[in-house]
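Chains as they are written, first to last, in the numbering used here: chain S, 1 to 341; chain C, 342 to 682; chain G, 683 to 1023; chain A, 1024 to 1364. Using N, Cα and C, we set each Cβ at its ideal position, and we do this for glycine too. Written below as structure tokens is the structure these notes are about.
4 protein chains.
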Amino acid sequence: MIKVGVVGYGVIGQRLADGVILQEDMELVGVAGNSKPTLAIRALKEKGMPYNLYMASFENKELFDELDIPLSGTLEDLVQKCDVILDATRAGVGAKNKELYKKYNKKAIFQGGEKNEVADVFFHGYANYDKGVGKDFLKLTSCNTTGLIRTVDCLDKAFGVEKIAITIIRRVADPGDYHRGLTNALKVDPAPSHQAVDLMTIMPHVQATGILVHTPVTHGHIITVVASLKEDINKEQLLEVFKAHPRIRVVKIADGFQGNAALFRYARDLGNPRGDMYETAVFDETIVKSGTDIMFAINIPQEAVVIPESIDAIRAALKMQVDGNEAVSLTNKYLGMGKWM
Amino acid sequence: MIKVGVVGYGVIGQRLADGVILQEDMELVGVAGNSKPTLAIRALKEKGMPYNLYMASFENKELFDELDIPLSGTLEDLVQKCDVILDATRAGVGAKNKELYKKYNKKAIFQGGEKNEVADVFFHGYANYDKGVGKDFLKLTSCNTTGLIRTVDCLDKAFGVEKIAITIIRRVADPGDYHRGLTNALKVDPAPSHQAVDLMTIMPHVQATGILVHTPVTHGHIITVVASLKEDINKEQLLEVFKAHPRIRVVKIADGFQGNAALFRYARDLGNPRGDMYETAVFDETIVKSGTDIMFAINIPQEAVVIPESIDAIRAALKMQVDGNEAVSLTNKYLGMGKWM
Amino acid sequence: MIKVGVVGYGVIGQRLADGVILQEDMELVGVAGNSKPTLAIRALKEKGMPYNLYMASFENKELFDELDIPLSGTLEDLVQKCDVILDATRAGVGAKNKELYKKYNKKAIFQGGEKNEVADVFFHGYANYDKGVGKDFLKLTSCNTTGLIRTVDCLDKAFGVEKIAITIIRRVADPGDYHRGLTNALKVDPAPSHQAVDLMTIMPHVQATGILVHTPVTHGHIITVVASLKEDINKEQLLEVFKAHPRIRVVKIADGFQGNAALFRYARDLGNPRGDMYETAVFDETIVKSGTDIMFAINIPQEAVVIPESIDAIRAALKMQVDGNEAVSLTNKYLGMGKWM
Amino acid sequence: MIKVGVVGYGVIGQRLADGVILQEDMELVGVAGNSKPTLAIRALKEKGMPYNLYMASFENKELFDELDIPLSGTLEDLVQKCDVILDATRAGVGAKNKELYKKYNKKAIFQGGEKNEVADVFFHGYANYDKGVGKDFLKLTSCNTTGLIRTVDCLDKAFGVEKIAITIIRRVADPGDYHRGLTNALKVDPAPSHQAVDLMTIMPHVQATGILVHTPVTHGHIITVVASLKEDINKEQLLEVFKAHPRIRVVKIADGFQGNAALFRYARDLGNPRGDMYETAVFDETIVKSGTDIMFAINIPQEAVVIPESIDAIRAALKMQVDGNEAVSLTNKYLGMGKWM
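Written out as structure tokens, the structure is:
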């Protein structure tokens, strides 16, 4: 059993813990918060502390005592007990934590917000598993890039992808965020979007560019992709490839999947923990040809989409599996992905 | 074991089924949809059909066959197998269904959208349980009124309430609704709001009025209440009463409960089914005196707030308990309410 | 002086009237509402009736009398006094009104909401002015298509356009709309979007497709365009063409033009009537190359963007100018377009 | 002619300049920006510089030169040329600027964002004009408080007000704001709201409290007021008083004034500069009795509502009129208020 610690207990950290617990070949040693009894930690307490809580610092320990929330130790304690750390702290903190991980000779997986320099490799479970095998420090791509690469990588393996031009219609905040927001405005970012640039780091043979527009919604990014493939494929060929992918869910607008909010509702109705969805969705009726290019729209459930690839990264870093296919299959199996297929 | 059927499988119907399953003295016979494989039904199928599905009509049976979704019979079949029906169909349909319930001599509980005439009594588990005991047709109050009455009723029992003036800051759609919405606008309704009027039906000794303003959000109504009590109480007295109520959750803005979206996130993080919350929340820091009146703000999680009172209604209609306190305590126990207390 | 009537006095109709008044070679005979004293008509009254008001029917005349709003006659009266009608009624009404226009042998210009069959030609002032010359019934493209064609047409004239793939990030309602809306959701439409299809009607030599996503905002559509040109041009060449176009405004994100809401604010601050903007904006920093293709994002101020091309259509239909360049120059001059150049 | 300078050229500053220009007994010497060519300044340039522009500092003068925007001097130059300054800089800057105003012995009017200490008196044109007469430094109340006081003050003068309990449904950003926002969330503030507290500073004989809830919209705050008067008045008496007030506009939901966005649209359709509205609106159909109390909802157009009272403040500070009624009548006349009456 590989011993895993989750550092950072926000939107992503909570879900990483949810995902690790489901892996039968991994053990969640605990999670580390920064120093305050956040809503996430209060919820953990109200649920009866299903796993152990550590703290980056004990400076506010009396706040936890008041609430009768048991602390199992410091971040440094947690690190020593683990084989690998999933670091989901906010941007910049991971780079500092890395010193601690190195001190105890532990491997770590960072999230997309950290700078690339923090890691030995920029990692995606499907697109470059080999690159991560045995590495000490891996960095995931951001939620948009992770979900996007799933589709581009499987098209690439099937038909060869030459270039893509993407439009990211970005949700601007997560449900419950009060520290950021946008009201009745679309906000345009300078191009190319970092997601296109990041994709090229993982898939250097693909030419990618794109424009990102922020929108005042919370339930999932939508990306349109114009892809130039090496073959002139039709919609059915595209669907065949997407439908065979356990991390891609092909949905129909006509069935009620009208957009990001419908997918959010569906995941809640599935009874998924926190109402989360791990899959990238492809909207069937958006697939159209543009000359020999093909165009389609996908949905990225930003809160949970990176969990599977983060689990894959543990498998790669610790050489739990050296073969990528074997690794992602195990991750998928334990996360219950592809059940609908 | 009381046999319960849920008719209407939308936002409320799904949650009624969730709630009935948790009652150890009730059995969920099944749920009835109208005639199409909605997203809710597709999710039921993907979850492995944890309970039986009936259909108002079989006109689209081939659509269900295609999706390999088993149907256990018609609405009429379901009604015959049940002791009581929770009718959560859309406004107007319940009145029609009532004929069927009468035909088979079954009791039924209607939701707030139906006209008052459909029922023998307008019901609230805490405020008028006695009125519902043994009745054939009960009607719940709407989500806002149900959650509001919890607070007004417990103030009334403790101190006596003379009048209230409320401002309802209404969420305009549920997460995932595409058939209604409001964009960058506040919409004012003619006063008095029906919620104030409805409250007086349940609590005729209280004088109530109010103004309702629709807002473009999805995660919970917020109501401010200006209450004139028979006693001149202070904030601590108010809090004491609210904190003792298993269906009221007192929260602090300072702890991170900044509004409806924070409560929605918290419920998801609790791991509640569908990320739901049953409790009315009171924001501690909003409690202020206005002369001898007292003012405060509450949060109404519109998707699930009526579930406990709907379960109470079954208990009353079927005389499972003739004592209201006993009844609501059982409902609360099985729903896991008040665990945080 | 050409005598113009505006039929339909909603968002578009009001602005058509504003635009006609500015044309020194046109006279606004009056505007026709349907039958009720809408907010637009109440505003006209409060401004002191700067132009005459007609009514489709007099069935509610007493409502106007009560408000002391003078009516100059019926729709039929208005039609007889005009040389040409700008019909901005809601979809479907224009087709009925056409019988009246034919009865009195009057030309008419319909808006994009009407079916194509209503008109002899689908018209755009820059892209196919010739096709409209002397025709009796012209139909404008919708706001998105009109603004988009400006950019595609000028690229086509300069470099030749082979195909485009667009992503329309659509504002879902106008400021002040209460009859439609979307709340915290992105809504995806089946592809190809009608805008791409419509563009091909006007520019049949261009291959166009696209995906449309509705967003809960009110201040302008944003479209990303991936264009395949006959030449491999760079950003500077693109900018040169756009900057020379009086109906295209090149703006920089760095200057504060961060999106549709910034442009809306800017138009208000310019003191434009109703805070309107006629120009399609291009966001400078979004222009990127995708291989030999070029990609960029534009903003479409949906309330007013079609006004210039609607005025052009009058010029074409009545042969006021047979040369398109001459016609659009006059429209631009009278509307004050290109002043910033 | 009183010489007025406007310091700070944002949302409020621009509108103060608009308002001063309309006063026939005042002259706008110029406006002062901080140091960058903002969108507001670019719009001023595009309009042809209808008034002179000064700069707090010349550190970025080359940016203005590039854009060919003429600068008439520094803030210090402007101050020397004026009799009075309207300071609409962001919170905290006004307190610094005050040193400059004192250096040149100039009077100044600050906006609601400044701390109370900056001024000799907290001012409202209708409620306490006398207090401002001849004072050197006056501070306006915030937009919500200013608009609210109009209604409470006129009720007070007619019937006597004992206490009010308000619920402020606050728009969270102005149209075009990208630096702040809220997405799909209602945010509750600790009570009492500062608006209630501030009102008591101006009207110390009234007891006021309230709760403020932020909503993700941009077009106007809505406030519900529960007022305890010295007389038990009915709706008609209330309406009579409100309808006689040139800064209060009574509107009907039934006529189409469904909320803040409808009022915003109406102001645009009136052709008001920037689509602004100066009046507080009262929604007729929201007026209800709560026992002997009376309840109603009002709309506050946050961008422009403080302009009239700011102009009043000039009149008071400079003793242009010693009688408040005379002063506000002049302001109203020049601003064109009450035309609809």
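query: Whole alpha helix (DSSP H) elements within the region 1261-1305 of chain A, 4-residue minimum; result: 1283-1292
query: Contact with chain A by glutamine 687 of chain C, beta-carbon distance below 9 Å; result: Lying outside 342 to 682, the shown extent of chain C, residue 687 of chain C is not represented and no answer is given.
query: Min CB distance aspartate 189 of chain S to chain A below 9 Å; result: no
query: Cβ neighbour criterion (16 or more within 10 Å) applied to serine 398 of chain C; result: exposed
query: Arginine 853 of chain G - partner residues in DSSP beta bridges; result: G:Thr897
query: Below-9 Å beta-carbon distance, asparagine 1322 of chain A vs any chain G residue; result: no
query: Proximity test, Cβ basis, 9 Å: asparagine 1283 of chain A and chain S; result: no
query: Residue from G:Met1023, G:Lys1015 and G:Met1019 with nearest C-alpha to aspartate 707 of chain G; result: G:Lys1015
query: Phenylalanine 1319 of chain A at chain C interface by Cβ criterion, 9 Å; result: yes
query: Candidates C:Pro531, C:Asp424, C:Glu458 and C:Ala499: closest to glycine 1279 of chain A by CA position; result: C:Pro531
query: Whole-Å CB distance - aspartate 1176 of chain A paired with alanine 1150 of chain A, under 8 Å assumed; result: 4 Å
query: Closer than 7 Å at the beta carbon, the chain G residues around phenylalanine 1287 of chain A; result: Pro857 and Gly858
query: Test: isoleucine 589 of chain C CB closer than 9 Å to a CB of chain A; result: no
query: Every unbroken beta strand (DSSP E) within the region 419-473 of chain C, with a cutoff of 3 residues, ordered by chain; result: 425-428, 448-451 and 462-464
query: Bridge partners - glycine 33 of chain S, DSSP secondary structure assignment; result: S:Met55
query: Distance CB(alanine 281 of chain S)-CB(threonine 224 of chain S) smaller than 9 Å; result: no
query: Interface residues of the region 957-977 of chain G facing chain S [CB-CB below 8 Å]; result: Phe965, Glu967, Thr968, Ile969, Val970, Lys971, Ser972, Gly973, Asp975 and Met977
query: Contacts of glycine 522 of chain C in chain B (Cβ-Cβ under 9 Å); result: This model lacks chain B altogether; the protein chains it does include are S, C, G and A.
query: Per-residue burial, aspartate 471 of chain C [other beta carbons within 10 Å of its own, 16 or more giving buried]; result: exposed
query: Presumed contact (8 Å Cβ cut-off) between threonine 508 of chain C and isoleucine 552 of chain C, rounded CB distance; result: 5 Å
query: Interface residues of chain S facing valine 895 of chain G [CB-CB closer than 8 Å]; result: Ile169, Ile222, Thr224, Gly259 and Ala297
query: Chain-order list of residues whose beta-carbon lies under 7 Å from that of glycine 1155 of chain A (same chain, five-residue window excluded); result: Val1144, Phe1146, Leu1161, Ala1336, Ala1339 and Ala1340
query: Test: arginine 609 of chain C CB closer than 9 Å to a CB of chain S; result: yes
query: Residues of its chain near alanine 1181 of chain A, where Cβ-Cβ distance is below 6 Å and the 5 sequence neighbours each way are ignored; result: Val1264
query: Beta-carbon proximity of valine 348 of chain C to isoleucine 426 of chain C, cut-off 9 Å; result: yes
query: Buried/exposed call for histidine 1244 of chain A, threshold 16 Cβ in 10 Å; result: buried
query: Chain C residues whose Cβ lies nearer than 9 Å to that of lysine 1253 of chain A; result: Result: empty, since nearest Cβ-Cβ is about 13 Å, beyond 9 Å.
query: Any C-beta of chain A under 9 Å from that of isoleucine 505 of chain C; result: yes
query: Assigned exposure category for valine 1273 of chain A - 16 Cβ within 10 Å defines buried; result: buried
query: Contact with chain C by alanine 1327 of chain A, beta-carbon distance below 9 Å; result: no
query: With 16 other Cβ atoms within 10 Å as the buried cut-off, status of asparagine 575 of chain C; result: exposed
query: Isoleucine 723 of chain G to alanine 714 of chain G span [Cα, whole Å]; result: 10 Å
query: Under 9 Å from the C-beta of histidine 560 of chain C: neighbouring residues of chain A; result: Asn1207, Ala1208 and Leu1209
query: Rounded separation between threonine 684 of chain C and valine 352 of chain C - CA only; result: Since the displayed chain C opens at 342 and closes at 682, residue 684 of chain C lies outside it and no answer follows.
query: CA nearest to the CA of threonine 286 of chain S, picked from G:Gln1003, G:Asp747, G:Ala847 and G:Tyr786; result: G:Ala847
query: Proximal residues to valine 970 of chain G (C-beta, below 6 Å), its chain only, five neighbours per side dropped; result: Met977
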